[in-house]
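The block underneath contains the structure these notes are about, expressed in structure tokens.
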Amino acid sequence: MISEECHDLATVLFKNWLFIDSARRYAITKNKEQALMATINARAVVYESGYEKALTENEAKALATDLEPVIDALNKEEFTFAQDRLHELSEQVFMSALQKVVSCECRR
Numbered sequence: 001m002i003s004e005e006c007h008d009l010a011t012v013l014f015k016n017w018l019f020i021d022s023a024r025r026y027a028i029t030k031n032k033e034q035a036l037m038a039t040i041n042a043r044a045v046v047y048e049s050g051y052e053k054a055l056t057e058n059e060a061k062a063l064a065t066d067l068e069p070v071i072d073a074l075n076k077e078e079f080t081f082a083q084d085r086l087h088e089l090s091e092q093v094f095m096s097a098l099q100k101v102v103s104c105e106c107r108r
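Here is the structure:
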């Protein structure tokens, strides 16, 4: 069973991944409004993750910065760039979240 501390960490980190992956899927179908909304929500969760100490300040800033060109691309309907970048970010964020949760449990 996962500890409460690690569960809380996982909740915030995987919520971020869910928004990024949702944005990726919406970008694939060229659903601009939903892709934008999911990307903006992902950026908001990045700040929440930093506040909750699930991400370091540098990690939160870097991820928020990585999402800005995606938002710009979606606004310009440059779906190929948005899809590619969201795909990369989805993989990175998922693996980082998994690593942090496993490390949390291993420390217990």
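Read the sequence shown against the UniProt record's numbering and you will find it ends at 108, with the numbers running on by one and no gaps.
The beta carbon of each residue, even a glycine, is placed where N, CA and C say it ideally should be.
Predicted model, so just to flag it, every value in this text is computed and none were measured.
Leu67 sits close to Thr39, with the two beta carbons spaced by under 8 Å. The beta carbon of Glu52 is closer than 6 Å to those of Val12 in its chain, skipping five residues each way along the sequence. The beta carbons of Pro69 and Arg85 sit closer together than 8 Å. Counting of Cβ neighbours within 10 angstroms places Cys104 among the buried residues, the total reaching 16 or more. Leu55: not part of any alpha helix (DSSP H); DSSP gives it neither H nor E. When secondary structure is reduced to three states using DSSP, Ile20 falls in the helix class. For Asn75, the closest C-alpha among the options Arg25, Asn31, Asp21 is that of Asn31. Close CB contacts of Phe94 within its chain, under the 7 Å cut and outside five residues either way in sequence, are with Trp17 (chain order). Our two residues, Leu63 and Leu89, have alpha carbons roughly 8 Å apart in a direct line. Pairing Ser49 with Leu55, the inter-Cα distance amounts to about 5 Å.
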